[in-house]
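> The numbering used here numbers the first residue of the sequence shown as 25 and each following residue consecutively. The C-beta atom is built at its ideal place from N, Cα and C for all residues, glycine as well. Quick caveat, the model's predicted, so the values are computed rather than measured. Before we start, here is the structure in question, set down as structure tokens.
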Amino acid sequence: MNPENPEVIFVDDSRTVRRLARKLLKDRYVVHTCGDAEEAWSMIRVMTSIKIIFSDIYMKGMSGIDLLKSIRSSDNPRIADLPVIMITGASDSEANMLEVFELGATDFIAKPFKQMDLITRAYSYIKLTERVDSLEQQLGIDKLTGLYNENSMKQHAAKFFAFSRRYGT
């Protein structure tokens, strides 16, 4: 496990499924596993390096649906914009999946999942998120405050100084 690898959270109430997910992802990602959504929600709020969340839909206590609602309704854009891949079981109906999708699920993976299911979803959504963040940096607006970011301020300052020198103001 390379500490520079992106960090993911995998949430499932089955210890066997969590162990399998860790085994399948550990070579490319730093994997944090949680046995319930409450634990995952606590981690998400304090760990700023999390890049993606995989969560089972139905668990005892706080469900994956509740976790998804908490994430999407967060006041913190870093949390609210995280990709959330929901893990579905064979008994999940199309109607249930549509409801979860409408709540803001990024994607779905069916159990039993394969290594490529997890790796490709993680890779694709992490890269997409990084690209969006890069474009927002280039745009010059800070996501959290809505104000100009450092790059944008430097560009504006350079223009104002050039104008000031040119016109002696």
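(1) Going by other Cβ atoms of all chains shown within 10 Å of its Cβ, with 16 needed for buried, is A64 buried or exposed?
(2) Can you tell me which of the three DSSP states F137 falls into?
(3) Between the alpha carbons of V55 and M110, how many angstroms are there, rounded?
(4) Take E160 as the anchor and find which of I150, K151, N173, Y149 has the nearest alpha-carbon.
(5) Tell me, please, which residues DSSP counts as bridged to M110.
(6) For P107, count neighbouring C-beta atoms within 10 Å of its own C-beta (all shown protein chains included) and say buried if the count is 16 or more, exposed if not.
(7) Are there three or more Cβ pairs, one per stretch, closer than 8 angstroms when the segment 67 to 85 is compared with the segment 35 to 49?
(8) Along the chain, where does the beta strand (DSSP E) containing K89 start, and where does it finish?
(9) Can you name the residues that DSSP bridges to Y172?
(10) Whose C-beta lies closer than 6 angstroms to the C-beta of V70 among residues of the same chain, with five residues either side of it excluded?
(11) To the nearest angstrom, report how far apart A45 and E62 are at their CA atoms.
(12) Is the beta carbon of T130 less than 9 angstroms from the beta carbon of K75?
Answer, in terms of the structure:
(1) The residue labelled residue 64 in the question sits at position 40 within the sequence shown. Per the 10 Å Cβ criterion, buried.
(2) Indexing the sequence shown from 1 puts residue 137 at position 113. Coil at F137, not helix or strand.
(3) Start at 1 with the first residue of the sequence shown, and residue 55 comes out as number 31. Start at 1 with the first residue of the sequence shown, and residue 110 comes out as number 86. Their Cα atoms are separated by approximately 16 angstroms.
(4) By 1-based counting over the sequence shown, the position of residue 160 is 136. The residue with the shortest Cα to Cα distance from E160 is N173.
(5) Translated into the one-based positions of the sequence shown, residue 110 becomes position 86. Answer is S79, F132, bridged to M110.
(6) As a position in the sequence shown, residue 107 is number 83, starting the count at 1. Classification for P107: buried.
(7) yes
(8) Reading the sequence shown from its first residue, position 65 is the one you call residue 89. Note on identity: in this sequence residue 89 is Ile, with Lys being the wrong assignment. Careful: I89 lies outside any beta strand (DSSP E), inside the alpha helix (DSSP H) at 88 to 96.
(9) Indexing the sequence shown from 1 puts residue 172 at position 148. In DSSP, Y172 forms a bridge with I165.
(10) What you label residue 70 is simply residue 46 of the sequence shown in a count that begins at 1. Nothing listed; no residue qualifies.
(11) Here residue 45 refers to the residue found at position 21 when the sequence shown is read from its first residue. Here residue 62 refers to the residue found at position 38 when the sequence shown is read from its first residue. In a straight line, the C-alpha of A45 is about 19 angstroms away from that of E62.
(12) Position 106 of the sequence shown, counted from the start, is the residue given in the question as residue 130. Position 51 of the sequence shown, counted from the start, is the residue given in the question as residue 75. No, these two residues do not count as a Cβ contact at 9 angstroms.
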